[in-house]
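Count along the sequence shown starting at 1, add 5, and that's the number in this note's numbering.
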Amino acid sequence: MKIVGTSVCPACALSGHDGDSCRANLLDNGHVACYTCGSITEPVPEDVRQSVRQMPAGIAIVVANLFRSRDEDAPGLKLIYERNGLGHISHDRAVAAVAHGCVEALLEADALVTLVFASVDQTARLELRYDKTQAPKLSPDAINRLFNGGFYISEPKAGTPAFMAQEMEQVLRTRACPPDMAAACARLMLNQFTVQHTNLDDRMRRVLLRFTDPVTSVEITAECTYCL
């Protein structure tokens, strides 16, 4: 790849960084190599950028982080689908919810947003989930932790989130996880998501991660699945 000019890192711009073009190079394949976050990011379609800009700040940061890649072996993921709540709730469904005392569960389901990210491997996907009524309540400290997680550390110290992230990426790669999905899980751990559950033995393999704001208890979950 050759440098053909300067550009703005799409991931940094979407995560709220100043997007200084002097810190990013445009490559001859259209990707952007960013000095600030140490990533190579593919162009993000305008409709996706518009959608991300409307998300709560903390969510936009995590999404931008998943767009980032380090090299050709582990490109960033692509946001391919957004499910925002239940959509239209019919009169009959609302009445049934009232009759069965399930109104609260219906409201909780309607507040859930699911973002689906695709891998180069068509058998793999990552689903990011959050409550749209709670996500705007993420504390400044939580948003700062998420923001700082966007910067990859090449030689982290043992015991740090960055060190554990690299260890998890290596484990996932040894268990046939697509490199881009393994890198995405590591990126989330840099964001201080913690691994809640793994199933790396069955044909359908799964990693569940969660970020919890210690101040407000707001949660964001991420589920990575892939097939052998």
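Glycine is no exception: its CB is placed at the ideal position from the N, C-alpha and C atoms.
Query, Result
"Less than 8 Å between the beta carbons of P161 and F72, yes or no?", "no"
"Pull up the distance between the alpha-carbon of L205 and that of R58, whole angstroms please.", "35 Å"
"Answer yes or no: the CB of S12 versus the heavy atoms of the ligand NAD, is any distance below 7 Å?", "This structure simply doesn't include the ligand NAD, nor any ligand for that matter."
"Kindly indicate which three-state DSSP category G10 falls into: helix, strand or coil?", "strand"
"When you compare the region 62–69 with the region 142–157, are there three or more beta-carbon pairs, one atom per stretch, that lie closer than 8 Å?", "yes"
"Could you give the uninterrupted runs of the alpha helix (DSSP H) lying entirely in the region 130–203, keeping only those of 4 residues or more?", "145–153, 166–179, 184–195"
"Can you list, in chain order, the residues of its chain with a C-beta nearer than 7 Å to that of A38? Leave out the 5 residues immediately preceding and following it.", "A29, N30, L32, I45"
"Can you give the Cα-Cα distance for H36 and P48, rounded to whole angstroms?", "6 Å"
"If contact is defined by three or more beta carbon pairs under 8 Å, each pair taking one atom from either stretch, is the region 170–182 in contact with the region 194–211?", "yes"
"Among T221, Y135, L131, whose alpha-carbon lies nearest the alpha-carbon of R210?", "L131"
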